[in-house]
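The structure appears right after this line, and notes come after that.
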Ligand SMILES: [Mn+2]
């Protein structure tokens, strides 16, 4: 099987459209949507496009869970007003049914991929939709997290592409379609089978910015527009995530 891994779209419809057009040129058997679908400026349209695909399978990201449960700052563990405002706004764009569907998604998915064998797809790590795996993660921190039978694990969540050995596993980060931390604009995803092919698709970022400005999404400028125009570098973000991960348990 040949799988397109489409992660962390974050409601960036123009970026998703460009990636899906490119996927049409490849003969893929499955589009694996790796979570963090709706937390972004076009939740409704993004979900509709993805639900209309045949051959798509979905796993849930932390942001989908937070939108679906309308997580705000009155809940434990969320202190960030901006995230909360976007959670509530995105939830308001969806139906009750959509939220139930998002909440009920599985958190991992396994598929037999050409030449790679059985590959495990997850959002953060196999055991948590929030655990970070980055370019810089030390293998010891992830020893327990990666205790699964599959050799190859595909993740996302940290919005940076890589492929690296971690302990006895080969870990691929598919990158982010809608909100990459790659130092360079574009829509990032991965094609698996027979090789691991980390892909970057160009799209019209200026047109996407114009469309985002016309939404009522709160904090759209600082959270989404600034990020897609001027993505931070993977190395800088990896250092920040690794510092935070030192104090967390999953
Ligand atoms: Mn995430």
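Numbering (my numbering), first residue to last: 143 to 392. Using N, Cα and C, we set each Cβ at its ideal position, and we do this for glycine too.
Our two residues, residue 171 and residue 144, have alpha carbons roughly 5 Å apart in a direct line. In this structure residue 336 is exposed. Its beta-carbon is surrounded by fewer than 16 other beta-carbon atoms within 10 angstroms. Rounded to whole angstroms, the separation of the alpha carbons of residue 391 and residue 356 is 39 Å.
In terms of side-chain proximity, the C-beta atom of residue 203 is found nearer than 7 Å to a non-hydrogen atom of ligand 1.
With fewer than 16 neighbouring CB atoms inside 10 Å of its own CB, residue 386 falls in the exposed class. A buried status is given to residue 202, since no fewer than 16 other beta-carbon atoms sit within 10 Å of its beta-carbon. Listed in chain order, the non-local C-beta contacts of residue 276 below 7 Å within the same chain comprise 300, 302, 380, 383 and 384, local neighbours out to five positions each way being set aside.
Looking only at 245, 159, 209 and 363, the smallest Cα-Cα distance to residue 194 is reached by 159. Looking at the DSSP output, residue 198 sits in a beta bridge with 173. At least one heavy atom of ligand 1 sits closer than 7 Å to the Cβ of residue 150.
Using a cutoff of 7 Å, the CB of residue 178 counts as near ligand 1, since one of the ligand's heavy atoms is closer than that.
Here the alpha carbons of residue 150 and residue 323 stand approximately 11 Å from one another. Three or more Cβ pairs closer than 8 Å define a contact, and the stretch 217-236 falls short of that threshold against the stretch 265-282.
Counted as a single uninterrupted DSSP element, the beta strand (DSSP E) harbouring residue 145 occupies residues 145-148. The stretch 230-244 makes no contact with the stretch 256-275; the number of CB pairs closer than 8 Å stays below 3. Taking every protein chain shown into account, the CB of residue 185 has 16 or more other CB atoms within 10 angstroms, so this residue is buried. Cβ contact annotation for residue 250 (same chain, cutoff 8 Å, sequence separation greater than five): 201, 262, 263, 264 and 268, in chain order. Looking at the backbone, the Cα of residue 256 and that of residue 246 are separated by about 29 Å. The beta carbon of residue 294 sits closer than 6 Å to the beta carbons of 258, 261 and 312 from its chain, once the five residues preceding and following it are set aside; these are given in chain order. For residue 372, the Cβ stays outside the 7 Å cut-off from all heavy atoms of ligand 1.
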